[in-house]
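Count along the sequence shown from 1, then add 1; that gives the number in the numbering used here.
Where is the CB? At the ideal position from N, CA and C, for every residue including glycine.
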Amino acid sequence: MRTAYRVQDVRAAEAALMARLPEGALMRRAAAGLAAACAGLLGRVYGARVVLLVGSGDNGGDALYAGARLARRGAGVSAVALGGRVHEAGLAALLAAGGRVAADPHAALARADLVLDGITGIGGRGGLRPEAVPVVRAARESGAVVVAVDLPSGVDADTGAVEGEAVRADATVTFGAYKPGLLVDPARAYAGAVRLVDIGLGGLLPAAAELEALQHADVARLLPVPGAESDKYRRGVVGVVAGSARYPGAAVLAVAGALRGGAGAVRYVGPAGGAVLARYPETLVHPGPPGGAGRVQAWVIGPGLGDTPGVDDVLASDAPVLVDADGLRLLDPAAVRARPAPTLLTPHAGEAAALLGTARDEVEARRLEAVRELAGRYGATVLLKGSTTLVADPSPGVPVRVNPTGTPWLATAGSGDVLSGLTGSLLAAGLAPRDAASAGAYLHGLAARRAAARGAHGAGPAPAAGAAPLTAHEVAEALPGAWRDVQGGGGRG
Ligand SMILES: NC(=O)C1=CN([C@@H]2O[C@H](COP(=O)(O)OP(=O)(O)OC[C@H]3O[C@@H](n4cnc5c(N)ncnc54)[C@H](O)[C@@H]3O)[C@@H](O)[C@H]2O)[C@@H](O)CC1
Ligand SMILES: [K+]
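In structure tokens, the structure reads:
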């Protein structure tokens, strides 16, 4: 599991560690890790041209010390100062190692092989300052590898928000712990490949992280495994209320996901039973209303409903309920809060904005705040879909989960219906809402990657390149392969 911590928690841990160590020891550790990562990216350090963008704080100090290490190994290193002052000891170390201050920043950048962005780290406030913008653009356009020190300068470490311009890095070398902005969009997209350098903060960070990203082994532990005694009822029956005369396909896709989520049976309720049975004869179908459909351990309601029939009926049940799409319209916070069983809401940014009474852009810009706010308001677990899908628990202090398997290929019609069915099925199989949502998002993303990489049915690890457009059905059909990937472990714990 990857965990990310807020700046105040990272600073507190650093302060506690610094009190036990000689002056400057932490920065030397950080700089050593940073220089090693740069050397790896350069391949050959001797003769390489490195430019340091140096702000006025310790982030610039890290860049200067790392630059000194690279200069000692034969790199040509020059520093461009962008703040009112520079880290004095760091600059002295660079000069002593044979580095220099760039006479002409733009000329230095034009010839650079690698640029280290040490403008701001966790102390940065607001976006990039105007004077830094042309320099950062020149770095990006130079063709050099851009490595962000701790964080891409200009992004908000705690929220992942990006105001104005920020450094677009190929890689980020972060110290001590991940920060939320490295895992949540929009900032995550600026960070490139993120590498964590251990500076010894472990044990000094709070017990509960701000953010968690599950990996294969974590998801494998959550997935339901049928016991020898299991029958379909013990494995859980998921009820799917979806589709309409106008949108029968949503019913078929939600059922397609539900059949691959570990529940023992899928009960479809609604007017699209014929279309569902034609594709999945193993489904139990009922025309409705949901109250008369028979026993279920969890409900999914919303995909393709067109209107909101059955929502009140389902919310009145004492089983866990997943509400998606049309089911989210006009959803009353008081009715959700009053439920005796858990509720899981799965909006995309537009639906989340409607529930919060704000604009979609606002939600996109501040995803972490939006998902927490919704979970608090509805007293429900909330899965906010998007390029970095987030899952928030209604209890404060519980880490938000961020899904690491997302892919732009998932932005395809009907893929959300598959996710609803899959996640509802995991709920019916007995997973807690937060676990069902995060395991569902993880498998769904992995399935999309598999399907985009080489069609739905192949086995074995998916290649990284050569992806092609995919349909929601292919995502559903790739789910069993995604389960096998996760259960196989692949060493990605
Ligand atoms: N505290 C520690 O123990 C360690 C800190 N380290 C480094 O220190 C960094 C934090 O250092 P600081 O607290 O000095 O903060 P930063 O260096 O991140 O930034 C603060 C400085 O930048 C200026 N600044 C703020 N916003 C700005 C903006 N938008 N544009 C330009 N300048 C801006 C401030 O006036 C201040 O001088 C970490 O990100 C990490 O790189 C590492 O060396 C590891 C150890
Ligand atoms: K930086």
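8 Å Cβ cutoff met for residue i and residue j
i: Thr-347; j: Leu-323; result: yes
i: Val-116; j: Asp-63; result: no
i: Ala-72; j: Ala-38; result: no
i: Val-267; j: Val-253; result: no
i: Leu-278; j: Thr-4; result: no
i: Arg-368; j: Gly-155; result: no
i: Gly-125; j: Leu-83; result: no
i: Gly-128; j: Ala-167; result: yes
i: Asp-394; j: Arg-435; result: yes
i: Gly-422; j: Val-286; result: no
i: Ala-133; j: Val-147; result: no
i: Leu-183; j: Thr-389; result: no
i: Gly-407; j: His-349; result: no
i: Leu-54; j: Gly-119; result: yes
Residue i to residue j span [Cα, whole Å]
i: Val-476; j: Ala-449; result: 5 Å
i: Thr-1; j: Val-195; result: Outside the displayed range of the chain (2 to 494) lies residue 1, so it cannot be described from this structure.
i: Leu-65; j: Gly-25; result: 13 Å
i: Ala-36; j: Glu-365; result: 34 Å
i: Arg-415; j: Val-241; result: Arg is not the amino acid found at residue 415; the sequence shown has Gly there. Approximately 15 Å, taken between the alpha carbons.
i: Gly-398; j: Ala-376; result: 12 Å
i: Leu-420; j: Val-337; result: 21 Å
i: Leu-471; j: Ala-14; result: 45 Å
i: Ala-479; j: Ala-221; result: 17 Å
i: Ser-231; j: Trp-484; result: 19 Å
i: Leu-447; j: Pro-405; result: 9 Å
i: Pro-481; j: Gly-228; result: 19 Å
i: Leu-18; j: Ala-339; result: 46 Å
i: Pro-135; j: Val-238; result: 59 Å
i: Gly-494; j: Pro-310; result: Reliability fails at Gly-494, whose pLDDT of 40 lies under 50, so the model's placement of it is uncertain and the value that follows must be treated cautiously. Spanning the two alpha carbons is a distance of roughly 42 Å.
i: Thr-424; j: Ala-437; result: 6 Å
i: Pro-462; j: Ala-371; result: Because the pLDDT at Pro-462 is just 45, under 50, the model does not fix this residue reliably, and the value given afterwards should be weighed accordingly. Cα to Cα, the separation comes out at about 35 Å.
i: Asp-114; j: Ala-139; result: 13 Å
i: Gly-295; j: Ala-342; result: 18 Å
i: Gln-488; j: Asp-325; result: 28 Å
i: Ala-158; j: Leu-391; result: 16 Å
i: Gly-122; j: Gly-85; result: 16 Å
i: Ala-32; j: Met-2; result: 25 Å
i: Glu-142; j: Pro-153; result: 16 Å
i: Leu-205; j: Arg-12; result: 10 Å
i: Ala-90; j: Tyr-191; result: 29 Å
i: Val-87; j: Leu-96; result: 13 Å
i: Pro-464; j: Asp-59; result: Unreliable positioning characterises Pro-464 in this predicted model, as indicated by a pLDDT of 43, which lies under 50. The coordinate reading is nonetheless provided below. C-alpha separation (whole angstroms): 40 Å.
i: Ala-360; j: Gly-380; result: 22 Å
i: Val-401; j: Leu-385; result: 11 Å
Where residue i falls, given that 16 or more other Cβ within 10 Å makes a residue buried
i: Gly-292; result: exposed
i: Arg-236; result: buried
i: Tyr-234; result: exposed
i: Met-28; result: buried
i: Asp-548; result: In the structure displayed, the chain extends from 2 to 494; residue 548 sits before or after that span and is not available.
i: Val-8; result: buried
i: Ser-396; result: exposed
i: Gly-441; result: buried
i: Ala-327; result: According to the sequence provided, residue 327 is Asp. The question's Ala does not apply to it. It is buried - the Cβ of Asp-327 has at least 16 other Cβ atoms within 10 Å.
i: Asp-313; result: exposed
i: Gly-271; result: buried
i: Leu-22; result: exposed
i: Gly-262; result: buried
i: Asp-199; result: exposed
i: Pro-225; result: buried
i: Glu-164; result: exposed
i: Arg-70; result: buried
i: Pro-181; result: buried
i: Arg-189; result: buried
i: Arg-451; result: buried
heavy atom of ligand 3 below 7 Å from residue i C-beta
i: Arg-196; result: Among the ligands present in this structure, namely ligand 1 and ligand 2, ligand 3 is not found.
Count Cβ pairs between the segment 66 to 82 and the segment 36 to 54 that sit closer than 8 Å; are there 3 or more? Enough Cβ pairs lie closer than 8 Å, so yes.
Within the chosen definition, does the segment 303 to 311 reach the segment 245 to 254 through at least 3 CB pairs nearer than 8 Å? yes
Residues surrounding ligand 2 [beta-carbon distance to nearest heavy atom under 7 Å]: In chain order, the qualifying residues are Asn-60, Asp-118, Gly-119, Ile-120, Thr-121, Gly-122, Ala-149, Val-150, Asp-151, Leu-152, Pro-153, Ser-154 and Val-168.
Give a yes or no on contact between the segment 325 to 340 and the segment 348 to 359, applying the rule of three or more CB pairs nearer than 8 Å. yes
Is the number of C-beta pairs between the segment 75 to 89 and the segment 102 to 117 that are closer than 8 Å three or more? yes
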